[in-house]
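Undergrad: Before I ask anything, let me first share the structure, which is written out below as structure tokens.
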């Protein structure tokens, strides 16, 4: 059985040149990261709202319990892994560009642009 590593999946890259829609690539990167964060936070807030409503409805947990919670060492390690996976997903665009540079991964469009400048 093959084990799936979320960190590897977060860096999966499509073939070909990355499309840019804004004039400045740095602004484009920042927008991509911001939108990835917005997506993550949106899902998180929806799920958290569901959990809080169910806990309140079933009279299971008080908010003070949440505020005073301290994770065990194992739980803290699991949270650390979750944070690493989260950061890998939102910083994916930067990771992919660094890998592309290190592998000299040029698309046919890049080559055409270089030839046009020659």
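Numbering (our numbering), first residue to last: 286 to 403.
Note that the Cβ used here is the ideal one computed from N, Cα and C, for glycine as well.
State the DSSP-derived secondary structure class of residue 346, mapped to helix, strand or coil.
TA: In the chain shown, the residue the question calls residue 346 occupies position 61. The answer is coil: DSSP assigns residue 346 none of H, G, I, E or B.
Undergrad: So, with DSSP's three-state summary, where would you put residue 353?
TA: Position 68 of the chain shown holds residue 353. The answer is coil: DSSP assigns residue 353 none of H, G, I, E or B.
Undergrad: Kindly indicate if chain D contains any beta-carbon less than 8 Å away from that of residue 374.
TA: The chain labelled as chain D is not found in the depicted structure, where only one protein chain is given.
Undergrad: Please look up how many angstroms separate the CB atoms of residue 332 and residue 379, rounded, as I've assumed it's under 8 Å.
TA: In the chain shown, counting from the first residue as 1, residue 332 sits at position 47. In the chain shown, counting from the first residue as 1, residue 379 sits at position 94. Their Cβ separation, rounded to whole angstroms, is 27 Å, which puts residue 332 and residue 379 out of contact at 8 Å.
Undergrad: If contacts are defined as beta-carbon pairs under 8 Å, then residue 377 and residue 323 qualify, I think. What distance do you get, rounded to the angstrom?
TA: Numbered from 1 along the chain shown, position 92 holds the residue referred to as residue 377. Numbered from 1 along the chain shown, position 38 holds the residue referred to as residue 323. That belief does not hold up - the Cβ atoms of residue 377 and residue 323 are roughly 14 Å apart, past 8 Å.
Undergrad: Once you ignore the five residues that flank residue 325 on each side, which residues in its own chain have a CB closer than 8 Å to its CB?
TA: On the chain shown, position 40 is the one that residue 325 refers to. Counting only Cβ-Cβ distances below 8 Å, and skipping sequence neighbours, we find 371, 374 and 375.
Undergrad: Is it buried or exposed for residue 317, if we count other Cβ within 10 angstroms and need 16 for buried?
TA: As a working mapping, residue 317 is identified with position 32 in the chain shown. Its Cβ being crowded by 16 or more others within 10 Å, residue 317 is buried.
Undergrad: State the Cα-Cα distance for the pair residue 342 and residue 334, rounded to the nearest angstrom.
TA: As a position in the chain shown, residue 342 is number 57, starting the count at 1. As a position in the chain shown, residue 334 is number 49, starting the count at 1. C-alpha separation (whole angstroms): 12 Å.
Undergrad: Inspect the beta-carbon positions of residue 364 and residue 356 and report whether they are closer than 8 Å.
TA: By 1-based counting over the chain shown, the position of residue 364 is 79. By 1-based counting over the chain shown, the position of residue 356 is 71. Against a cut-off of 8 Å, the Cβ pair of residue 356 and residue 364 comes out as a contact.
Undergrad: Hey, how far is the Cα of residue 309 from the Cα of residue 354?
TA: Position 24 of the chain shown, counted from the start, is the residue given in the question as residue 309. Position 69 of the chain shown, counted from the start, is the residue given in the question as residue 354. Looking at the two C-alpha atoms, the distance is approximately 44 Å.
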